[in-house]
Amino acid sequence: MTKRALITGITGQDGSYLAELLLSKGYEVHGIVRRASVFNTDRIDHLYRDPHDPEARMFLHYGDLADGAGLRRVLQRVMPEEVYNLGAQSHVKVSFEQPEYTADADALGTLRLLEAIRDTQEASGQTIKFYQAGTSEMFGAAPPPQSESTPFYPRSPYAAAKVYAYWATVNYREAYGLFAANGILFNHESERRGETFVTRKITRAATRIKLGLQEKLYLGNLDARRDWGHAEDYVEAMWLMLQRDEPEDFVIATGKSYTVREFAEKVFSYLDLEWERHVEIDPRYFRPTEVEALQGDSLKAREKLGWEPRVDIDELVRRMVECDLELARQEKTLTEAGHIVAFRGAAAL
Ligand code: NDP
Ligand code: GDR
C-alpha cells in the first residue's frame, strides 16, 4: 500500500532531499509551501509533475506554520501516515533580528501541528507519526561532545524556540501517546544550502573569486567550530526514526568538527587560492551570543538506527565547490554577454 507523507518546509534544503528520498521509496509526498510573490520551489521543481498527470506523486498545498487552521485542513485532507516538520525560520543570526516571528513559526508552529495531529489521530483512529527537526543549536554553550543526554543551553532566539518545540514533542508523546520523535541534527550542508549560511557563503564567494567575479569575502567569527555533514545523509536518518516501533530522540552527527577558518582554507585551497588574501572580518556577522563549539556523539543512532554518514568534510567541500564553480561559470558567460547584472545579493547578508 502506498504510504503518504506530509512535509512542512518542503521547499528548503532538507525538504527537497527528503521529498526525493520518499519518492524513491514509493511514497506519495505532500508538501506545504508558503505563498510568495515569486516562485519559491526551485529546489523541488525537478520532482514536480502536473497533478493531472496520473504518474504525479508529489502534491503541494499552500500553508504556513503561523496558520493553525490551515495546517489542520491540509492534514485532514491528506491524512498522512508520516509528518515531517522541517519548516522553520532557520537562520540563527536572523532570529536575533526577528525573535518574535522565529518563536511563532518554530515554537508555536510545532505546537499547532502537534495539536492538529492529536485531534486528527483521535478522530480517525489512524496513527500519524511525527518527526520534529531539532538542532544541535539547542546545546548551545554546553561543551562538546554533545549527545542525547547533554543538557540544553540555547544561545539564540532560534535555539530557544527549538528547545520549546523539542519539549512539546516529548510532552505530546508522553501525554497523548503520539508517535513523536525529535531528531537533534548537527549542521548539514549541500549544493542546495541557503546562500547565507557560512559554508555556502564561502563556496559561492570563493568560486566567484576564482572566476574574477568578486574580490573579497566578508565573514564573522572564524573560530566557531561545527560538525558538518551532507544533508542527503541526514534526511535518511529522519526517515529511519519514523520506521521504528517506538519513538525516540536521536543525535545525528559525523563526530568530527572543524572551525569556520578550516572550512574556508579547504575551499580556497581546492581552488588553488590563498584564503588570507580574500577573506576579511566584518563584525556585522558576529552574533550577540555565539555557539563556540559543536561536535556530536551519534553512537545511539549508529547502534539503534544503523545510520552512518557517507560524506566526509572533503567530499562535502568537493561537491559544493564543483556545483558553485558551474554556477559562477554560467554567471560569467551571461554577464559578459550582457544578459544579466552580476549577482551581488549574498555579499550583503
Ligand atoms: P531551510 O531554511 O533551507 O528551509 C526552511 C523551510 O521552512 C523552507 O521550506 C521555508 O519556506 C519553510 N518555512 C519558513 N518559515 C515557514 C513558515 N512560517 N511556515 C511554513 N514554512 C516555513 O532549512 P533546512 O532545510 O536547512 O532545515 C530544515 C529544518 O531543520 C529547519 O527546521 C531547521 O531549523 C532544522 N535544522 C537544520 C539544520 C541544518 O544544518 N540544515 C540542522 C538542524 C536542524 P521558504 O522556502 O518559503 O522560505
Ligand atoms: P549555524 O549556521 O548558525 O550553525 O546554524 P551558520 O552557517 O549560519 O553559522 C555557522 C558558524 O559560522 C559563523 N560565521 C558565519 N555565519 C554566517 N551565516 N555568515 C557569516 O558570514 C559567518 N561568519 C562566521 C557563525 O557565527 C556560526 O558560528 C545552522 C542552521 O542551519 C540552523 O538552522 C541549524 O539548526 C544549525 O545549523 C545546526
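First residue of the sequence shown? That's 1 in the UniProt record's numbering, and the numbers climb one at a time after it.
All C-beta atoms in this analysis are idealised placements derived from N, C-alpha and C, irrespective of residue type, glycine included.
Beta-bridge pairing of residue i - partner residues as DSSP gives them
{"i": "residue 184", "result": "134 and 251"}
{"i": "residue 281", "result": "219"}
{"i": "residue 32", "result": "8 and 61"}
{"i": "residue 85", "result": "8 and 132"}
{"i": "residue 258", "result": "226"}
Exposure label - residue i; buried when at least 16 CB within 10 Å
{"i": "residue 12", "result": "buried"}
{"i": "residue 340", "result": "exposed"}
{"i": "residue 40", "result": "exposed"}
{"i": "residue 338", "result": "exposed"}
{"i": "residue 281", "result": "exposed"}
{"i": "residue 14", "result": "buried"}
{"i": "residue 350", "result": "The requested residue 350 is not part of the displayed model; the chain covers only 1 to 349."}
{"i": "residue 352", "result": "Past the boundaries of the shown model lies residue 352; the chain is included only from 1 to 349, so the question cannot be answered."}
{"i": "residue 257", "result": "buried"}
{"i": "residue 36", "result": "exposed"}
{"i": "residue 25", "result": "exposed"}
{"i": "residue 216", "result": "exposed"}
{"i": "residue 315", "result": "exposed"}
{"i": "residue 3", "result": "exposed"}
{"i": "residue 121", "result": "buried"}
{"i": "residue 289", "result": "exposed"}
{"i": "residue 193", "result": "buried"}
{"i": "residue 58", "result": "buried"}
{"i": "residue 247", "result": "buried"}
{"i": "residue 189", "result": "buried"}
{"i": "residue 229", "result": "buried"}
Which of helix, strand or coil DSSP assigns to residue i
{"i": "residue 192", "result": "coil"}
{"i": "residue 319", "result": "helix"}
{"i": "residue 127", "result": "coil"}
{"i": "residue 328", "result": "helix"}
{"i": "residue 333", "result": "helix"}
{"i": "residue 289", "result": "coil"}
{"i": "residue 296", "result": "strand"}
{"i": "residue 267", "result": "helix"}
{"i": "residue 179", "result": "coil"}
{"i": "residue 25", "result": "coil"}
{"i": "residue 95", "result": "helix"}
{"i": "residue 2", "result": "coil"}
{"i": "residue 159", "result": "helix"}
{"i": "residue 40", "result": "coil"}
{"i": "residue 47", "result": "helix"}
{"i": "residue 56", "result": "coil"}
{"i": "residue 119", "result": "helix"}
{"i": "residue 16", "result": "helix"}
{"i": "residue 307", "result": "coil"}
{"i": "residue 340", "result": "coil"}
{"i": "residue 100", "result": "helix"}
{"i": "residue 274", "result": "coil"}
{"i": "residue 114", "result": "helix"}
Limits of the alpha helix (DSSP H) - the one that residue i falls within
{"i": "residue 155", "result": "No alpha helix (DSSP H) contains residue 155, which DSSP labels as neither H nor E."}
{"i": "residue 199", "result": "198-210"}
{"i": "residue 142", "result": "Residue 142 -> no alpha helix (DSSP H), and no H or E assigned at all."}
{"i": "residue 108", "result": "Careful: residue 108 lies outside any alpha helix (DSSP H) and carries neither H nor E."}
{"i": "residue 233", "result": "231-242"}
{"i": "residue 74", "result": "68-78"}
Short Cβ contact (8 Å threshold) for residue i with residue j
{"i": "residue 320", "j": "residue 208", "result": "no"}
{"i": "residue 84", "j": "residue 184", "result": "no"}
{"i": "residue 32", "j": "residue 80", "result": "no"}
{"i": "residue 223", "j": "residue 261", "result": "yes"}
{"i": "residue 158", "j": "residue 102", "result": "yes"}
{"i": "residue 146", "j": "residue 110", "result": "no"}
{"i": "residue 47", "j": "residue 235", "result": "no"}
{"i": "residue 255", "j": "residue 296", "result": "yes"}
{"i": "residue 130", "j": "residue 179", "result": "yes"}
{"i": "residue 69", "j": "residue 89", "result": "no"}
{"i": "residue 311", "j": "residue 233", "result": "yes"}
{"i": "residue 350", "j": "residue 251", "result": "Here the chain comprises residues numbered 1 to 349, so residue 350 is not present and cannot be evaluated."}
{"i": "residue 328", "j": "residue 242", "result": "no"}
{"i": "residue 294", "j": "residue 237", "result": "no"}
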